[in-house]
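Following the numbering used here, the numbering of the sequence shown begins with 227 at its first residue and continues without gaps.
The beta-carbon is built from N, C-alpha and C at its ideal position, and this holds for glycine as well.
Model, not experiment: these values are computed from the prediction.
Working notes for the structure below.
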Amino acid sequence: MEKTLCHYHPAQPATWRCAPCQRHFGDCCVPLNADAQDDYPRCALCNGQLEFLGAANTAQPFWERIPKFFAYALQPGPLAVSAMLALASLFMPPSVLLWFVLFSVATKYFYSVIEACSQAVTEAPSLVSAFSGDGFSLFFKQLVVFVLAFVALWLAADFDSEALYWAVTLGLLLVLPASIIRLALDKTLGAALSPDEIGQVIKAMGWRYLVLCAFLFILWQSPGWVTYMLASGLPKVVLMPVAAFLFGYFSVVMCAMMGYAVFQYQGALGYVVDDEEGRAAFPEAEYLRRRALAEAEIRVKEGQGCQALETLKTALTRTPEDIRLNERFHQLLFGLNERQRCLHHLHHYLPLAARSDPALAATALLNARQLQADFLPDDALVCERVAAALLDRHKTREALSLLRNLHQRFPGYPHIPRAYLLAARGFAENLGQIEPARQLLAFIRARYPQSPLIDEVATMEATLERLARV
Ligand SMILES: [Zn+2]
Ligand SMILES: [Zn+2]
């Protein structure tokens, strides 16, 4: 199964779907409301309820989580089950019935691990849970599967063809994990033996199923190898419980891996679960803001600019000072060539941006100049701040045009010396024009001799003097 991605953000995995609109959405496009957790999110296009896809597209591949499976089996529950097997190998009388009981308890436990992991439960089932509830018959059902597998092998061996024998062995090894997964999920022998149901598991995982089989095969061999390596140094009385313990431990690791593989491919297997961590949800105000931004982006990408404007306008009536919303609104008006609305909005947006993000204000002013060549903000401080941002971007002429005749346009503005010092720098440093810079400095000196900036004026005059001589 390939990952499904957000229709609007091809780098983001899809977590929601609108069937009527035939659109997939990632978390990027569907913010959640922390103050109304039970509300199902709605489609930004048709306002219908979105369908949750679970974590199928966001889940980490199982082969990247190998250490986590080993850690999983170190929890109290799995360790207790392994210890129980070790103790039984030492002390249990050789009664077939007792061993059947023990194996049916252990099998039930292993299958509960597959089930828990397929639902992304990080805590392993407890030992006690292996003795209660139903599911003891799983062992016998599994036994039937194994017996049938052996019968197949035995028949294959009868044909006197080595190739056939190995083909059947390999086939069984490849089919068994899927059959075990089916038994763990459906708990019926029919499902564990049905080629359809087993095929569905294999098909859902595709070639990654082979990766799973390879890992399981290695894990299956591991307790045997460890026991073999210990065999030379240890007496049998120690070796038996060690082997039984390792069998229990590695079985849990294998089951955790199979369970997680099911979790990862849940979508293709036809059911939906979410990560335990849960998804990020935002307080009401932040949620509304994010939702408006996401919806506007979706509308724009669908070519529905007017609806995007409406969405942002509604959001702006709630939070008129929000810089992101205003910036999106401005860019959209500009992009849609809504000249009058854009110029009107600039009266509100430009002072806001000049206050909180001058770089955005510089962009807005350049946009405004394209709509109206002689556009000027009607506030002196805004002019000064935007001019500084424009100078930083080497838009010197635009910057200087904002500062031109500032003392006539805004006679009451107290920061004329500071603004003209800025303009003098623009002339001298960006344009290399020393004469107009000198005139501006002379103007400050003549008109505002008490200004605290007079020292800076003097320093700059000296610099310009030196430059003029060169
Ligand atoms: Zn998205
Ligand atoms: Zn829809």
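G303 sits away from S363, with the two beta carbons spaced by 8 Å or more.
With 16 or more other Cβ atoms from the protein chains shown falling within 10 Å of its own Cβ, Q368 counts as buried. Counting along the chain, the unbroken beta strand (DSSP E) around G252 starts and ends at 249 to 252. In the three-state scheme derived from DSSP, where H, G and I count as helix and E and B as strand, E661 is classed as helix.
Per DSSP, the continuous beta strand (DSSP E) segment holding W242 begins and ends at 240 to 244. Taking the Cβ atoms as the reference, C609 lies roughly 11 Å from L626, outside the contact range of under 8 Å. Excluding five sequence positions before and after A541, the CB atoms of its chain that fall closer than 7 Å to its own CB belong to L514, R515, A518, L551, given in chain order. Around the C-beta of Q492, 16 or more other C-beta atoms lie within 10 Å, and the residue is accordingly described as buried. The C-beta of F365 has 16 or more other C-beta atoms within 10 Å across all chains shown, which makes the residue buried.
As the crow flies, the alpha-carbon of T543 is around 12 Å from that of L535. Bridge pairing for R268: Q275 [DSSP].
In summary, N273 is exposed, with fewer than 16 beta-carbon neighbours lying within 10 Å of its beta-carbon over all protein chains present. For L569, the closest of S582, P546, D604 by C-alpha to C-alpha distance is D604.
Ranking A382, A262, C343, L271 by CA distance to the CA of A522 puts L271 first. Remark: C-beta atoms of A240 and G252 approach each other more closely than 8 Å. For N631, the secondary structure class from DSSP, reduced to helix, strand or coil, is coil. Here DSSP, grouped into helix, strand and coil, assigns A684 to helix. Apart from sequence neighbours up to five positions away, the residues of its chain that approach A383 with a beta-carbon distance below 7 Å are Y391, ordered along the chain. Boundaries of the alpha helix (DSSP H) around L328: 322 to 344. Per DSSP, the continuous alpha helix (DSSP H) segment holding Y435 begins and ends at 434 to 457.
The C-alpha of A580 lies about 48 Å from the C-alpha of Q490. Your pair L562 and L591 does not check out as a contact, with CB atoms roughly 19 Å apart and the cut at 8 Å. Here the region 474 to 490 makes contact with the region 287 to 297; the two share three or more CB pairs at distances below 8 Å. Scanning its chain for C-beta atoms nearer than 6 Å, with the 5 sequence neighbours on each side dropped, one finds around H233 the residues R249, H250, in chain order.
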